[in-house]
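A.B. asks: The sequence shown begins at 0 in numbering that gives the first Met the number 0 and counts up by one.
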Amino acid sequence: MNDDLKSMLTLLVQEMKEAIATGDDLLIQHRIEYLELFVSSIPDKAMLLTELGEVVR
0 MNDDLKSMLT
10 LLVQEMKEAI
20 ATGDDLLIQH
30 RIEYLELFVS
40 SIPDKAMLLT
50 ELGEVVR
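Take a look at the structure:
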C-alpha cells in the first residue's frame with residue numbers, strides 16, 4: 000500500500016477511535032461511512048486488511 004493510502008487509513012482509524020470515545024452515535028455513523036467509502040475505493044482488499052491490522056495495533 001502506498002504511503003498516501005496508509006496515511007489516510009491511519010487517519011480514518013484514529014478518527015473512528017476518537018468518535019467511539021465520545022459515544023456520539025451520529026459521529027460514529029459518519030466515521031463508519033467515511034471508512035466504508037475508503038475501503039470500497041481499494042481494489043486489493045487482502046492488502047487493505049493486512050494494513051488495517053497493523054494500523055489498529
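C-beta: ideal position from N, C-alpha, C; glycine also.
Express the C-alpha separation of Val-38 and Lys-64 in angstroms, rounding to a whole number.
C.D. replies: The structure shown does not extend to residue 64, since the chain is modelled only from 0 through 56, so no value can be given for it.
A.B. asks: Counting only the same chain and skipping the five closest in sequence on each side, list residues whose C-beta sits under 6 Å from that of Ile-41.
C.D. replies: For Ile-41, where only same-chain residues beyond five positions count, the Cβ hits under 6 Å are Leu-47.
A.B. asks: How would you label Ala-20, buried or exposed, when you count the other beta carbons within 10 angstroms and need 16 or more for buried?
C.D. replies: exposed
A.B. asks: Tell me the start and end of each unbroken alpha helix (DSSP H) in the stretch 7 to 40 that is at least 4 residues and wholly inside, in chain order.
C.D. replies: 24 to 39
A.B. asks: Tell me which same chain residues have a C-beta within less than 7 Å of the C-beta of Val-55, skipping the five on either side of it?
C.D. replies: Val-12
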